[in-house]
Structures are given as C-alpha cells and as structure tokens.
Ligand code: GLU
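In our numbering, the protein residues as written are 41 to 519.
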C-alpha cells in the first residue's frame, strides 16, 4: 500500500510551498487508496514551537486536508513528533556504529574550516573525513580533552542514482559527499538522519517533497541502505516562485496560508489554486473540485520547471468560488468576517443575519474575498463613514439641493421598495430636467458614504426608509 507523508518543521506558519507539498501528498494518497501521514519535524529545539505545530494543523485542516496518522490522531507507527522519537534515532545510530557505518568525530567546526583553508581550499567545502581513521587510543585522548563527539556517517565510495518520479534519472557521482553528521554533540539527530530513520520505520513508500531536497537524496539513499531499509521512491516537485520568478518569499507579499485565510479566501479556492502550482491536467482545465483533483492527480503530470505563484490569479479564482456559493453558505462563511470587523455581534439576532444575507446578495457578484464583504457592506450595519473625496465631489451645493428636494419625495413613499424608488427618482429627474447621474451620485454618497457599491435602489430598499431619511437629513443639517 502506498504510504506518503508531509513532514513540516513547526518553525513558522504554513507556507504556500509547503501547503502545496502537503496537498500533493494528500492527493496521491487519496487517489491510490494509500495512507497519508503527518509527521512533525521538531528536532530544531531553538526554532520549533508547539504553537506553530498547532497552527500548522489548523491551517492544514482549514485547507480540507486530513491525515490517517499524525500527532493528533495517532497511528500504528508513532509517535509522530520527532522530539518524541529520540530513542529510535539512538537505536539506529548504535546500529550504524556497531557496524562501523558511522564513527564519532571530535573535530570542532573551526578546526575543520582551518584545515580546509590550510590545504588551499574553501572553508565551506566540508569535512575532510579526518576522524574516520582514529585509533581507539586517539579517541580516548579526545574524550579526555573533554571533546564531545558528533556521529558521522561513513559515506561509501559509490555513485548514487535516483530514479525520480518527476525529474527522471539523476546521478550523483561518487566522492562528492563528505562524511556527514547524523547525530549532533547534544545527542539530537540531524535532519538527514531523522528523516531516513522515520521514513523507514514508518514504511513510507513515496517521498514527495520540494526540489530543494533533491541534493539531499543521495545522502538519504545511502542511509536507507546502511540501515538495511527499503529505499522509497522519490518525487521532487519544482519550486514555487513569485511573479518575478525569484523564489517565493515575504518580498512577494503574503506567503503563509494563514494570511490568505485571514484575508477571506475560501479553502476550496486555495486548494484548487495550489494544485495548479506544478501540476496541470492534460486539457488545461483550471477549475477543479476536490473530488476531481483526487481523480485526476498524478505525478506524471507534475512539471519539472518551476511554478509561478500568481496572487492575482488566486484572487480571481477566489471570486469565482465566491460567486458559486449558495446564499446561506455565503452568509455562513462571511459572518466571522463581519463579526471581526465589528459589524455583527458574537451572537447575531435573526434579523441581523437576514440583513447580512440580503446585503451579501447585493454584492456577491463583485466579491473577491470574504474580507471584501466586510469592507463593502459596513454601512448597512453601522453609521456611515464618509469618504471625503466623494463628499467634496457630490455633496456640494448642487448635490445638497437635490437631496433637499428628494427628501420629501422619499418620505412620502409607501412602500419603500426598489421599483417605486426607481420610478420616483427618475420622475424627479425628468421633472427637473436634470441628468440622472446628478441625482444618483449624491443620493448614493449620502446613504453609503462612497461612490461605488450595490445597485442604488436595491441598496436604498434594504437600508429602509428610516435610515435613508436619517442619513439624508444628517447631510442637510451639516450644510
Ligand atoms: N522537514 C523537512 C522540510 O520541512 C521535510 C523534509 C522531507 O520532506 O524529507 O523541509
């Protein structure tokens, strides 16, 4: 059975690139009836934080991913948090030591660098394998000096070939990998070691991860072999770049899933969009439901070239998904945004929800995010905050004159509905021989504070006669 994993480090919020890795693993597992494992790689004690693990889990769940095994749901080959697996790494390290596949190294970083420079090389070239050949007596001497050893893997002299499921055959020549550290002097495993021990003990069959890990793969393969473990298949996905084709980073604006979630993106839109980062259907289709993606996803259709994250396209796609939401669903999703904008209380009364539903319906076609809803519709829920430019332009003497004349017309209207409002206001324009724009704009600005928004008459109807008259009178009083 296929077993895949997503192995984030809890050192920050879930990044778009990592979310994509998680998604591809998830799709693969669901497509092939496999198991999707979440493993928390928290061996970097300084940078890992439980809050970030919690946040990762929340954001993954928000995206609609679920996993069959993980720190929160358990599973047969746990624990699923590396910090709780230290005994397993110790056992594996002891095995390698016993078999002479690893050895203690007492060199300090500065010593290694100095030797490199003295030998006429670059100090970052890496380790010269000096402690490989220490005698027992030399080791004891080092220990007596109080040196705490790291454990290094004795890298075998052999080329390593990776049959990558996305990139094809990649060969790493022999002799280019120095003996690398697998256990640090504080006893903690290094990234390479922990990943391999875990992937082998967790029975991972396919390692699907970012291309930045391709260069680590020969190390991993050699370690799998040394541990006598089955080497999994590898698939390295292309990197995700920003619109300027440099690696996606904070410079490109929001790069965490959380930022998009908080900005009012829908998880299904986000899910759909990131699936297209490095994967595409044969027909070039763009809109996919979760089920379609599970049916269609395959590693063969993953691109080798980098994917470009285009926030504008994501925004567009979010708008498409927003327009497709049934009204009740739109309300359900928008309410938290209206609440955090202070437009609705924690426990909205049915009448407020009804108002929200009707206001949202007026703008649904134009919404691009749920936050947009709060920004565009605030004047339905609280007093208007007037845009000074709109006021200067449309509530000048002529505008006020119009409002003063319209006020009794509107006050006399019964019922106060869209059709009647439109007829009366248009009749007023005809009578006075003024252009509709000279009337519509001041009216719109007076009741909403801005120049753009929902259809004027729908908006007036929903605001209701009292509110409309109160706002118009407020403007006139200020004159
Ligand atoms: N913790 C690693 C990372 O976040 C995962 C490495 C892997 O997938 O093998 O990059």
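We put the CB at the ideal spot given by N, CA and C, even for glycine.
For clarity, every value in this text was computed on a predicted model and none was experimentally measured.
Keeping to the same chain, check which residues put their C-beta closer than 7 Å to that of residue 523; ignore five residues upstream and five downstream.
Absent from the structure is residue 523, since the part of the chain shown begins at 41 and ends at 519.
When the cut-off is 8 Å and only beta carbons count, does residue 286 lie next to chain D?
Here chain D cannot be found, since the structure has a single protein chain.
Once the 5 residues before and after residue 251 are set aside, which same chain residues still bring their CB inside 7 Å of it?
Sequence index remark: in the chain shown, residue 251 carries index 211 (1-based). Closer than 7 Å at the Cβ level, and outside the excluded window around residue 251, lie 276, 277, 278, 279.
Please report the distance separating the alpha-carbon of residue 318 from that of residue 205.
As a first step, residue 318 is located in the chain shown; it is residue number 278 there, counting from the start. As a first step, residue 205 is located in the chain shown; it is residue number 165 there, counting from the start. Residue 318 and residue 205: Cα-Cα distance of roughly 14 Å.
Let me check understanding here. Comparing Cα to Cα, which of 311, 132, 147, 55 lies closest to residue 329?
Translated into the one-based positions of the chain shown, residue 329 becomes position 289. It is 311.
From what residue to what residue does the alpha helix (DSSP H) around residue 518 run?
Start at 1 with the first residue of the chain shown, and residue 518 comes out as number 478. 505 to 518 is the extent of the alpha helix (DSSP H) around residue 518.
Please classify residue 257 as buried or exposed, where buried requires at least 16 other C-beta atoms within 10 Å of its C-beta.
Within the chain shown, residue 257 is the residue found at index 217, counting from 1. Buried, by the Cβ-count rule.
Please go through the segment 122 to 206 and give each complete beta strand (DSSP E) segment of 3 or more residues, from N-terminal end onward.
Counting whole runs of 3 or more residues, the segment 122 to 206 contains the beta strand (DSSP E) stretches 142 to 145, 190 to 193, 200 to 204.
For residue 63, I'd like the list of residues in its chain whose CB is within less than 8 Å of its CB, leaving aside the five on either flank, ordered along the chain.
For the purposes of this step, residue 63 is identified with residue 23 of the chain shown, where counting begins at 1. Contacts found: 103, 105, 311, 314, 315.
At a cut-off of 7 Å, would you count residue 540 as near ligand 1, judging by its Cβ distance to the nearest heavy atom?
Residue coverage of the chain in this structure runs from 41 to 519, which leaves residue 540 outside it and unanswerable.
With residue 122 and residue 86 assumed to form a contact (beta carbons below 8 Å), what rounded beta-carbon distance in angstroms separates them?
Walking along the chain shown from the start, residue 122 turns up at place 82. Walking along the chain shown from the start, residue 86 turns up at place 46. The Cβ separation is near 14 Å, so there is no contact.
Beta-carbon separation of residue 152 and residue 129 under 8 Å?
Counted from its first residue, the chain shown places residue 152 at position 112. Counted from its first residue, the chain shown places residue 129 at position 89. Against a cut-off of 8 Å, the Cβ pair of residue 129 and residue 152 comes out as no contact.
If you reduce the DSSP assignment to three classes, tell me which class residue 223 lands in.
Taking the chain shown and counting its residues from 1, one reaches residue 223 at position 183. Here residue 223 sits in strand by DSSP.
Could you name the residues of the same chain whose beta carbon sits closer than 7 Å to that of residue 165, not counting the 5 residues immediately before and after it, in chain order?
The count along the chain shown starts at 1 and reaches residue 165 at position 125. Closer than 7 Å at the Cβ level, and outside the excluded window around residue 165, lie 156.
Would you list the residues sitting across from residue 360 in a DSSP beta bridge?
Here residue 360 is taken as the residue at index 320 of the chain shown, counted from 1. BP columns for residue 360 are empty, so no partner.
Of the residues 73, 516, 53, 263, which one's Cα is nearest the Cα of residue 98?
Reading the chain shown from its first residue, position 58 is the one you call residue 98. Residue 53 is the option with its Cα nearest to residue 98.
Between which residues of its own chain and residue 399 is the CB-CB distance below 6 Å, once the five residues before and five after are set aside?
Taking the first residue of the chain shown as 1, we reach residue 399 at position 359. The residues are 417, 420.
With a 10 Å radius around its C-beta and 16 neighbouring C-beta atoms as the bar for buried, classify residue 140 as buried or exposed.
Mapped onto the chain shown, residue 140 falls at position 100. Answer is exposed; the Cβ neighbour count stays below 16.
Tell me the DSSP secondary structure of residue 454 in three-state form.
For the purposes of this step, residue 454 is identified with residue 414 of the chain shown, where counting begins at 1. Coil.
Answer yes if the segment 394 to 413 comes into contact with the segment 471 to 485, meaning at least three C-beta pairs across the two stretches below 8 Å, and no otherwise.
Taking 8 Å as the limit for Cβ pairs, the verdict is that the segment 394 to 413 does not touch the segment 471 to 485.
Could you tell me the boundaries of the beta strand (DSSP E) in which residue 60 lies?
Working through the chain shown from its first residue, we reach residue 60 at position 20. Unbroken run through residue 60 is the alpha helix (DSSP H), 56 to 71; no beta strand (DSSP E).
Look at residue 402 and residue 499 and say whether their C-beta atoms are less than 8 Å apart.
Taking the first residue of the chain shown as 1, we reach residue 402 at position 362. Taking the first residue of the chain shown as 1, we reach residue 499 at position 459. For residue 402 and residue 499, yes; Cβs fall inside 8 Å.
Is residue 253 near ligand 1, with its Cβ less than 7 Å from a heavy atom?
Within the chain shown, the letter at position 213 stands for residue 253. Yes, since a heavy atom of ligand 1 falls inside the 7 Å radius drawn around the Cβ of residue 253.
Does DSSP put residue 323 in a helix, in a strand, or in coil?
In the chain shown, the residue the question calls residue 323 occupies position 283. Three-state result, residue 323: coil.
Check whether the Cβ atoms of residue 361 and residue 308 sit closer than 8 Å, and answer yes or no.
Here residue 361 refers to the residue found at position 321 of the chain shown. Here residue 308 refers to the residue found at position 268 of the chain shown. Yes. Within cutoff.
Relative to the alpha-carbon of residue 143, which residue among 188, 109, 101, 100 has its alpha-carbon at the smallest distance?
Here the question's residue 143 lines up with position 103 in the chain shown. When each option's Cα is compared against that of residue 143, the closest is 188.
Could you tell me the boundaries of the beta strand (DSSP E) in which residue 216 lies?
Here residue 216 refers to the residue found at position 176 of the chain shown. First-last for residue 216: undefined, no H or E at that position.
Quick one: any contact between the segment 380 to 387 and the segment 330 to 338, if contact means 3 or more CB pairs under 8 Å?
Counting Cβ pairs under 8 Å, fewer than three are found: no touch.
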